[in-house]
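Residue numbers for the sequence shown follow numbering that gives the first Met the number 0, so the first one is 0 and each next one is one higher. Where a beta carbon is used, it is the ideal one built from N, C-alpha and C, also for glycine.
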Amino acid sequence: MIVVTLIAIVSVVVYLVSRQTEQRGGVEFFAAADQASDISISASAELEGALSSIGVIDRQELTRRLQSVADSATEADSLLNMEIPSNIGNSYGTMATATASWARGARDVNTAITAIMDGVLIEGATEQLEAALDLLRVGDSAYDLFMETLPTVDEGIDVSGFVSVTYINLDAPALLIYDAQSLVIRIQTSYDLSPHHDVSVNGTTTPDPIGETGGIPVVPFASSIDVQAVVTNVGNQDEPTVIVVMDVIDITSGVLVSQTQTITDLIAGASTTVTFSDVDIRPGSLYQVKITLEIEDDIDLDNNVWDMRFLWRGES
């Protein structure tokens, strides 16, 4: 009788421990799912804003937003990388399917739109973008199924905070923002979204000119002279290589001094300064300085050149 009683007690203890373990695992999962849902709500709103702004915002801003959506969706999906008890298998399976589909869909939307902007995806562009959007729709459907599992969750776990999440907002003011064909047309017809390679340059000398004589800038006497070039990437593409060429010619003697420097990884919108130090010329003569930039596929060659004629005053 005592043995039977002990067995019964042990069985109850095992059951209670198992029950507590399942409940603890369920609490951890739904806490992670709640966090993933919050991230997904923000990411889906950012996606809607990005797609509706095509043709209004510039390429850099659209690229930044799409990458942010993809990063957020991936972060939400990573939160569900955990072991879960079998009693919440349905909830976990549907939620994990939702976040995985959203993460893949967001990445594919980003990839497809970038390829369309670059002009490397033309044939099949609509189909590829539609496939990416369909992954987001799969995620939306899986999340709906997840919401349907919540009434069956143990009463000890609070799931009241979950709300609807959709990446493809069927209530959007302009539903066509999620239409692949419409998106492709809007992207391809937007001048600001097509790739533009363009750099510009301004220059000066050190010492700076202190005045003019006969309309020609006058640089005061110094033991040496530097030429500085301020190079700006005014295009919407990062430039891996910008070649900067400086030529200084002595107007009187015809002697030419030429130097070259290379800028690497000049991102769109950024500026940098290149200095040609101790240029091999002498005071007391009239000079013409010219700086020229070289990149591939530049759309505006007029702003690639800066030049100035100046008189470098000799020692008094």
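Secondary structure note for Glu-211: its beta strand (DSSP E) is the uninterrupted segment 210-212. Cβ contact annotation for Leu-132 (same chain, cutoff 8 Å, sequence separation greater than five): Gly-104, Val-108, Ile-167, Tyr-177, Ala-179, in chain order. Under the Cβ criterion (8 Å, minimum of three pairs), the region 118-133 does not count as touching the region 148-157. Our two residues, Arg-312 and Arg-185, have alpha carbons roughly 58 Å apart in a direct line. When DSSP states are grouped into helix, strand and coil, Pro-239 belongs to the strand group. For Asp-143, the secondary structure class from DSSP, reduced to helix, strand or coil, is helix. Residue burial annotation: Gly-138 is buried, with at least 16 other C-beta atoms found within 10 angstroms of its C-beta. Fewer than three Cβ pairs drawn from the region 207-218 and the region 233-241 lie within less than 8 Å of each other, which leaves the two stretches out of contact.
The Cβ neighbour count for Asp-299, taken over all protein chains shown within 10 Å, is under 16; the residue is labelled exposed. When C-beta atoms of the region 200-208 are compared with those of the region 63-78, fewer than three pairs fall below 8 Å, so the two segments do not count as touching. The C-beta separation of Leu-182 from Ile-266 comes to about 26 Å, leaving the pair out of contact by the 8 Å criterion. Taking the CA atoms as reference points, Ile-156 sits about 26 Å from Ala-42. According to DSSP, residue pairing for Trp-101 in a beta bridge does not occur. For a cut-off of 8 Å, the C-beta gap from Asp-297 to His-196 is around 5 Å, short enough to register as a contact.
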